[in-house]
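1 is the number of the first residue of the sequence shown in the numbering used here; add one for each residue after it.
Virtual Cβ for every residue (Gly too), placed ideally from N, Cα, C.
The structure displayed is predicted, hence computed values, not measured ones.
Beneath this line is the structure, given in structure tokens, with notes to follow.
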Amino acid sequence: MDSQTNSPDPSRSPLVSRKTVLRAALAAGAAVPLAMTGAPALARTFAETGTPVEVTPACDDGDDPTPSQIEGPYFKPNSPQRTSLLEAGTPGTRLTLTGYVFGLACRPISGALMDFWQADTNGAYDNTGFRFRGHQYTASNGSFTLTTIVPGLYPGRTRHLHVKVQAPGRPVLTTQLYFPNEPRNNTDSIYDPRLLMAVRDGGGGREASFDFVLDVPQDPGGGDPSDPPTGGTWAVGTTYGTGATVAYGGRTYRCLQGHTAQPGWEPPNAPALWQLV
Ligand SMILES: [Fe+2]
Numbered sequence: 001m002d003s004q005t006n007s008p009d010p011s012r013s014p015l016v017s018r019k020t021v022l023r024a025a026l027a028a029g030a031a032v033p034l035a036m037t038g039a040p041a042l043a044r045t046f047a048e049t050g051t052p053v054e055v056t057p058a059c060d061d062g063d064d065p066t067p068s069q070i071e072g073p074y075f076k077p078n079s080p081q082r083t084s085l086l087e088a089g090t091p092g093t094r095l096t097l098t099g100y101v102f103g104l105a106c107r108p109i110s111g112a113l114m115d116f117w118q119a120d121t122n123g124a125y126d127n128t129g130f131r132f133r134g135h136q137y138t139a140s141n142g143s144f145t146l147t148t149i150v151p152g153l154y155p156g157r158t159r160h161l162h163v164k165v166q167a168p169g170r171p172v173l174t175t176q177l178y179f180p181n182e183p184r185n186n187t188d189s190i191y192d193p194r195l196l197m198a199v200r201d202g203g204g205g206r207e208a209s210f211d212f213v214l215d216v217p218q219d220p221g222g223g224d225p226s227d228p229p230t231g232g233t234w235a236v237g238t239t240y241g242t243g244a245t246v247a248y249g250g251r252t253y254r255c256l257q258g259h260t261a262q263p264g265w266e267p268p269n270a271p272a273l274w275q276l277v
């Protein structure tokens with residue numbers, strides 16, 4: 001892709017341009033965190049078509065957080081910690097869901113708890129054990145991957161996944177994710193198109209992506225109070241080339257993609273631009 005054609009004027013808004021740069025860097029493969037499916041939906045879409053198709057709620061300045069939905073009757077606490085819900089002897093079409101968890105300023109949230117539960121391929125929930133239930137935590141760059149199967153249908157509902165997402169120390173978001181082009185999307189009263197995943201064939205089954213935006217206040221320019229203090233050599237306005245290293249907050253980072261530093265692009269806040277050495 002040509003990142004230039006999709007990049008807004010950087011002078012318009014440092015927030016928009018930060019997001020654009022982050023996604024452009026991901027699309028260029030600069031910091032794809034996962035081997036095959038780590039790039040977010042937008043990056044994949046850019047790469048394939050050259051035009052953005054935002055079917056999932058995009059993290060953008062002023063955007064509303066990801067909508068909540070009812071929990072339903074089948075949630076169980078104490079699910080096992082695992083990123084794959086696949087088990088021997090469980091039939092179904094493989095589904096790999098990837099994405100990121102952002103706060104209100106589009107900064108990734110690491111260590112966010114994500115607890116998934118879903119029906120099996122026949123539309124049944126395991127209410128005695130923990131089949132197709134599992135929790136995990138987002139990586140340092142806010143990314144997550146869930147390996148599972150496409151859930152089956154059950155009476156009264158369209159096809160969906162359940163998930164609870166919680167940033168550390170913050171309230172729990174309970175919601176559901178949906179599949180495009182499902183006939184029952186038109187008749188399910190709970191269905192919300194803002195919760196549609198981007199889904200395509202791939203990986204021996206289906207590949208889905210969805211980025212969550214949690215109602216977590218973030219300082220877009222100054223960093224969280226919990227961030228390490230600035231004291232290194234990183235500086236706004238400095239142009240860094242790929243491979244350059246800087247010190248920031250007592251740590252050393254390597255530049256993954258050439259850019260000119262702007263407020264909010266501090267190395268811990270821009271995992272697509274800076275890698276901890
Ligand atoms: Fe359900």
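* Run the CB neighbour count on S209, radius 10 Å, all protein chains shown included, and call it buried at 16 or more, exposed below. => Here residue 209 corresponds to residue number 209 of the sequence shown, with the count starting at 1. S209 should be labelled buried.
* Report yes if the CB atom of T158 is closer than 8 Å to the CB atom of Q118, and no otherwise. => Residue numbering aside, residue 158 sits at position 158 when the sequence shown is read from its first letter. Residue numbering aside, residue 118 sits at position 118 when the sequence shown is read from its first letter. Result no, Cβ atoms of T158 and Q118 do not sit closer than 8 Å.
* Are the CB atoms of R254 and T245 nearer to each other than 8 Å? -> Within the sequence shown, the letter at position 254 stands for residue 254. Within the sequence shown, the letter at position 245 stands for residue 245. Cβ distance < 8 Å, so R254 and T245 count as in contact.
* To do: With DSSP as the reference, label P108 as helix, strand or coil.
  => Your numbering for residue 108 matches position 108 in the sequence shown. Looking at P108 - three-state DSSP - the assignment turns out to be strand.
* To do: Kindly indicate which three-state DSSP category A261 falls into: helix, strand or coil?
  => Counted from its first residue, the sequence shown places residue 261 at position 261. Coil at A261, not helix or strand.
* To do: With a threshold of 16 other CB atoms inside 10 Å of the CB of I109, please say whether the residue is buried or exposed.
  => As a first step, residue 109 must be located in the sequence shown, where it is residue number 109. I109 comes out buried.
* Please confirm whether any heavy atom of ligand 1 lies closer than 7 Å to the CB of Y178. => Position 178 of the sequence shown, counted from the first residue, corresponds to residue 178. Outside the cutoff, so no.
* Would you check if the distance between the CB atom of L95 and the CB atom of G205 is smaller than 8 Å? => Within the sequence shown, numbered from 1, the residue matching residue 95 stands at position 95. Within the sequence shown, numbered from 1, the residue matching residue 205 stands at position 205. Closer than 8 Å, so yes.
* Mind listing, in chain order, the continuous beta strand (DSSP E) runs of no fewer than 3 residues lying wholly within the stretch 127-202? => 133-137, 143-149, 160-166, 173-178, 198-202
* **Heavy atom of ligand 1 within 7 Å of R157 beta-carbon** => The sequence position of residue 157 within the sequence shown is 157, counting from 1. Flag set: Cβ of R157 near ligand 1.
* **Cβ separation of V101 and G142, assumed to be a contact under 8 Å, to the nearest whole Å** => Sequence index remark: in the sequence shown, residue 101 carries index 101 (1-based). Sequence index remark: in the sequence shown, residue 142 carries index 142 (1-based). The Cβ separation is near 5 Å, so the contact holds.
* Pairwise C-alpha distance: L276 and T83 -> On the sequence shown, residue 83 is found 83 positions in, with the first residue counted as 1. On the sequence shown, residue 276 is found 276 positions in, with the first residue counted as 1. Taking the straight line joining both Cα atoms gives about 24 Å.
* Contact test: G72 Cβ vs ligand 1 heavy atom, cutoff 7 Å -> Translated into the one-based positions of the sequence shown, residue 72 becomes position 72. Judged by the Cβ position, G72 qualifies as a neighbour of ligand 1 at the 7 Å threshold, a heavy atom of the ligand being closer than this.
* To do: Check the DSSP bridge columns for L86 and list the partner residues they point to.
  => By one-based count along the sequence shown, residue 86 stands at place 86. Per DSSP, none; premise fails for L86.
* Do the stretch 122-134 and the stretch 65-77 meet, that is, are 3 or more Cβ pairs less than 8 Å apart? -> The stretch 122-134 is in contact with the stretch 65-77.
* Comparing alpha-carbon positions, which option in L177, R170, P155, W274 lies nearest Q257? -> Translated into positions along the sequence shown, residue 257 becomes position 257. Checking every option, the nearest Cα to that of Q257 belongs to W274.
* To do: Compute every distance between the C-beta of A119 and the non-hydrogen atoms of ligand 1, then say whether any falls below 7 Å.
  => What you label residue 119 is simply residue 119 of the sequence shown in a count that begins at 1. Under cutoff, so the answer is yes.
* Asked: Just how far apart, CA to CA, sit L104 and P171?
  -> One-based indexing of the sequence shown puts residue 104 at position 104. One-based indexing of the sequence shown puts residue 171 at position 171. So the alpha carbons of these two residues sit roughly 14 Å apart.
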